[in-house]
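Novice: For the sequence shown, our numbering begins at 2 and goes up steadily by one.
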Amino acid sequence: MARWFLALSAGLVLAMAAGAWAPALRAQAIEVDMSKLKDEQVVRLDELVVSGARDNDENYDTTGMGGPDAELEEAPFADELIAGDARQQEEFDIEITNELQLASGVSPADLATAVNRVNLRGFPTPRLRNGFSQTGIPEIPNVMQTQLIQGPIISVTGRAAPGGIQDFITGRPYGRSRTTFSAMTTSYGTRDVRIEETAPIVPKKYWQRVSAGWRETEGPMSFARTRTRYANAQFTLKHSRAASTMVSFDFLDMSGNPATGVPEYRETTGGKIIGPYLPLATFNSFGPNASVYKRLSALSILHDAQLSRRIALRASLFGYNRYTLDDRFSVGQYIINDDRYGGRYTGKMGGEREPRRIEQPLSAVIASAEVTARLALRRTDHKITLRVEHTRMSYSRIERTLTTADRRAQPADVLTFDPYAPNYYRPAYSDELYSRFITNRDETTAFTSIAASERVAFWRGKLVGTLGARFDVVDVEVADHRPGAAQPLVNDRVTEITWHGGANYVVRPGRLLLFVGTSKAFEPSTRVDERTGRVQGNETTFGYEAGLKGLFLKRRLGATLLLFQYFNQNISRRNLLYNDPIQDADHSQPQLRAAGEERFTGGSLDLKADIAPGFMVIARAAFIEPITTKSPDYPEEIGRVLTRMPETTIGVTARYTFPKKAPSLLANLSTSVTLTHISDFVAYYENASRHYLAYPSNTLVTLSVYRTWTFGNSKRPMRHTLGASVRNLFDRDQLYSLARPGQSRALTLSYRFTW
């Protein structure tokens, strides 16, 4: 499959590249014979437009905080092919992300609280917030768009990591006044209302943006619900034409009782786990007496200044505070033939059911500064960047439950839980009753990094390259407050040097570009086994990538081909027996096991085609072969494909927008069809505690229709947009083939009003 995919991708794009080399007709000038000039001898100037209405351009930021966006289009480092890239998510991106989350097997409750970051790529992907590192922080509020730094973007930004770097751009004020109200409801129990307002307070000097929203989700399991409320505000002050400062505040409050996922089952008490027990697909084993609460707040100051004609400064101070409270029960597997009762009654949950309370406060302060110098030396252009970042983070995890005597004193039908005759009783919380600590740990971590990079452009940007290195220091202190803890206090320091290099070569201006890159990275976080308190090693990744990007067929077809190979080293994986109510009843199993090394080989092909006026097709196909190459704790994994990682993902969106001159009922009507395909994958290999479990491929189709009405004047128009979409249009089975409840055909209705 990998060879066919790579061969087809390379052949397709190389064939289009050959077409781009075909001779084109050129107009003859009166005095100069243009046909005798080479492409590199011709300087093409963009159209010069003089206008005083730039403030009305929604994509232009007059507040002075749009430096990172402008950098992506800055010549000579950014080629025309790169500068024209759209950076917003496509419709299939959202669907594929949802599919990969479902395939990861992470509990919906953990996804709701975002306690543990779910890495969907299989290798550590650094995360940025407005261009600065967000080390140790599991979530970023108020995200406006996500940019992936990968491929040809590496040499423009001077940053790289295997698998790409995700940069989350948060909401900020823009130069013009705008208010947006939106509402959405779905047939599967989700409702969402949002409002956003941005406007200048003092024209060309002081701007504000405020937004608030509410979201509620119910199901698909009994008693399952979540409610989220949020608010954020940003204020931007433009000190001068060369300096601006933005202050941002974010708040989020989430509460509810998220779904637990489909319970797994065994045939007998000591038998292996078989997989999800579908007759209990809509059963919430936590019942009505469980809950999750999360509150977070963040305050940041971002300063962007041009100190001189050649030197720019960006600096950020970010404070983050989050508190989560999770009241849940231990969950065992459903046992079909439970021989503990001499055959008198079968079909109960394994292990003794017990209530747990988990508190996880986290606070962090991040200070970052970046200086970039622009130089011109001997017909070359240079950008040299020095970046210093420091994070101080405090994190606690307190997990409490009943003492052994108090647990055994609970009613028999509470301890031996029968989902067909459930007793959801939960003792009221008190420090005295919930006095046994499963986990009681405080962590204090300091991350410090110094990074330097250079970007250089030769021959007016025909060749652009970058080199950079980063030095990280991680200091961690872990205090285990449990009585008789094996390691009451752990101190450790880790240092790491990582690097990157890359180059873009313009084969034909505006038509074809080749790129290569290599990098090494690690997400600077020292992992600590929650059970043993032992500090794990550093997971690092290095690799190579290459490809081409071009416009073909009279610029109506854009294509990007990326080929890569990455290597993970020193990987830790979750112990399959951790928190198992039978195999880990005495809480003696370690949380993490070493998995050694992994290799990822693959590629992706992105296509964007303008088929006809108003008709566009966007597609992305990706293939990855993730293989375990070294596994000291699980030697049977060597040579196997990694679990829960589909090798192939395909997304296609075909969109047609009727022109304004169409009949009134069709004018400004947009229709789209999105197809996503996720290949089959292995959930679990056969081992001492589980049977082999695999899931088939999944293909979904979504049909969407949107209609926009515009009123008012051109300076501040009013737009009403109504939308409807049907996900899983053909009602493909998701429950019995993939063990996914609540994923049947669903209707979404939306409304958006902007003025």
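Ideal Cβ placement from N, Cα and C applies to all residues, glycine included.
Owing to the predicted nature of the structure, the values given are computational and were not obtained by experimental measurement.
Assuming A655 and P277 form a contact by the criterion Cβ under 8 Å, report the distance between their Cβ atoms to the nearest whole angstrom.
Specialist: About 34 Å separates the two Cβ atoms, so there is no contact after all.
Novice: Which one or two residues does DSSP pair with E265 in a beta bridge?
Specialist: Looking at the DSSP assignment, E265 forms a beta bridge with P277.
Novice: To the nearest angstrom, how far is the alpha carbon of D47 from that of E75?
Specialist: Unreliable positioning characterises D47 in this predicted model, as indicated by a pLDDT of 42, which lies under 50. A coordinate reading is not provided.
Novice: Between which two residues does the beta strand (DSSP E) harbouring N492 extend?
Specialist: Segment L490 to R509, the beta strand (DSSP E) holding N492.
Novice: Near S671, which residues of its chain fall below 6 Å by C-beta distance, leaving aside the five closest residues on each side in sequence?
Specialist: Counting only Cβ-Cβ distances below 6 Å, and skipping sequence neighbours, we find T658 and Y707.
Novice: Assuming T541 and K521 make a contact with CB atoms under 8 Å, what is their CB distance in whole Å?
Specialist: Contact flag correct, Cβ pair sits at about 7 Å.
Novice: Thinking C-alpha only, which one of I628, L434 and M185 is nearest W215?
Specialist: Of I628, L434 and M185, the residue nearest in Cα terms is M185.
Novice: So the alpha helix (DSSP H) R409 belongs to, where does it begin and stop?
Specialist: Per DSSP, R409 belongs to the alpha helix (DSSP H) from T405 to R409.
Novice: Please work out which residues of its chain come closer than 8 Å, Cβ to Cβ, to R645, disregarding the five sequence neighbours upstream and downstream, and give them in chain order.
Specialist: Contacts found: A104, S105, G106, F682, V683 and A684.
Novice: Measure from the alpha carbon of L455 to the alpha carbon of each residue in E140, R160 and T63, then state which is nearest.
Specialist: It should be pointed out that residue 455 corresponds to Glu in this sequence rather than to Leu. Comparing Cα-Cα distances from E455 to each of E140, R160 and T63, the minimum goes to R160.
Novice: Report the CB separation of R402 from R357 in whole angstroms; it is logged as a contact under 8 Å.
Specialist: Looking at the sequence itself, residue 402 is Thr, so the reference to Arg does not match. Indeed, because the Cβ distance is near 5 Å, the residues count as touching under 8 Å.
Novice: Closer than 7 Å: is that where the CB of I451 sits relative to any heavy atom of the ligand NAD?
Specialist: By its list of ligands, the structure shown contains no ligand whatsoever, and the ligand NAD lies outside what it can speak to.
Novice: Taking the straight line between their C-alpha atoms, what separation do you get for F438 and R483?
Specialist: If I take the Cα positions, the gap works out to 6 Å.
Novice: Which residues in the same chain have their Cβ closer than 7 Å to the Cβ of R118, if we skip the five residues on either side of it in sequence?
Specialist: In this predicted model, R118 has a pLDDT of only 37, less than 50, meaning its place in the structure is not dependable enough to derive any value.
Novice: Using a Cβ-Cβ cutoff of less than 6 Å, which residues in the same chain neighbour V507 once the five nearest sequence positions on both sides are dropped?
Specialist: Excluding residues within five positions, the ones whose Cβ falls inside 6 Å are D80, K463 and L514.
Novice: Which word fits S301, buried or exposed, when buried means at least 16 other C-beta atoms lie within 10 angstroms of its C-beta?
Specialist: Buried is the call here.
Novice: Using a Cβ-Cβ cut-off of 6 Å (strictly less than) and excluding sequence neighbours within five positions of E96, which residues of its own chain qualify?
Specialist: Excluding positions up to five away in sequence, the list reads T677.
Novice: T158 lies in the beta strand (DSSP E); which residues open and close that run?
Specialist: Taken as a continuous stretch (DSSP letters only), T158 belongs to no beta strand (DSSP E), being part of the alpha helix (DSSP H) at I154 to T158.
Novice: How about the region 594–614 and the region 561–569: do they share at least three Cβ pairs that are nearer than 8 Å?
Specialist: Verdict: yes, contact present.
Novice: Which whole-angstrom value describes the C-beta separation of E546 and G152, a residue pair presumed to lie in contact below a C-beta threshold of 8 Å?
Specialist: Rounded, the Cβ-Cβ distance is 7 Å, consistent with contact.
Novice: Should S705 and I679 be called a contact, given that it needs their Cβ atoms to be closer than 8 Å?
Specialist: No; because the gap between Cβ atoms is not below 8 Å, this pair is not in contact.
Novice: Go ahead and label Q167 buried or exposed: buried means 16 or more other beta carbons lie within 10 angstroms of its beta carbon, across all protein chains shown.
Specialist: Buried is the call here.
Novice: Going by DSSP, what residue range makes up the beta strand (DSSP E) through P362?
Specialist: P362 -> beta strand (DSSP E) spans P356 to L378.
Novice: Which residue's Cα is closest to the Cα of L73: Q148, R315 and V144?
Specialist: For L73, the nearest C-alpha among the options comes from Q148.
Novice: Classify Y426 as buried or exposed, calling it buried when 16 or more other Cβ atoms lie within 10 Å of its own Cβ.
Specialist: Y426 is exposed by the Cβ-count criterion.
Novice: Over the uninterrupted beta strand (DSSP E) stretch that includes D62, give me the two end residues.
Specialist: Counting along the chain, D62 falls outside any beta strand (DSSP E), and DSSP gives it neither H nor E.
Novice: From V248 to L303, what distance separates their C-alpha atoms?
Specialist: Using only the alpha carbons, I get a separation of about 7 Å.
Novice: What residues in its chain sit with their C-beta under 6 Å from that of T755, if we drop five residues either side in the sequence?
Specialist: Once the five neighbours on either side are set aside, the close Cβ partners of T755 are T181 and R720.
Novice: Can you list the beta strand (DSSP E) stretches of 3 or more residues lying completely in the region 616–703, in chain order?
Specialist: The qualifying runs are 616–631, 649–658, 670–679, 682–685 and 694–696.
Novice: Rounded to the nearest angstrom, what separates R409 and G288 at their Cα positions?
Specialist: So the two alpha carbons sit approximately 20 Å from each other.
Novice: Suppose you measure from the CA of R210 to the CA of S286; what does that come to, to the nearest Å?
Specialist: Between R210 and S286, the C-alpha separation is close to 42 Å.
Novice: Can you have a look at I202 and say buried or exposed, based on whether 16 or more other CB atoms are within 10 angstroms of its CB?
Specialist: Its Cβ having fewer than 16 others within 10 Å, I202 is exposed.
Novice: Got a sec, what are the start and stop residues for the beta strand (DSSP E) G469 sits in?
Specialist: G469 -> beta strand (DSSP E) spans L464 to D481.
Novice: Tell me which residues share the same chain as D328 and place their Cβ nearer than 6 Å to its Cβ, disregarding the 5 neighbours each side in the sequence.
Specialist: Within the same chain, D328 has close Cβ partners A291, S292 and R358.
Novice: Pick out whichever of R733, D193 and E390 has its Cα sitting closest to the Cα of L129.
Specialist: For the residues R733, D193 and E390, the minimum Cα distance to L129 belongs to E390.
Novice: What's the C-alpha gap between Y435 and Y266?
Specialist: Rounded to the nearest angstrom, the two C-alpha atoms are 29 Å apart.
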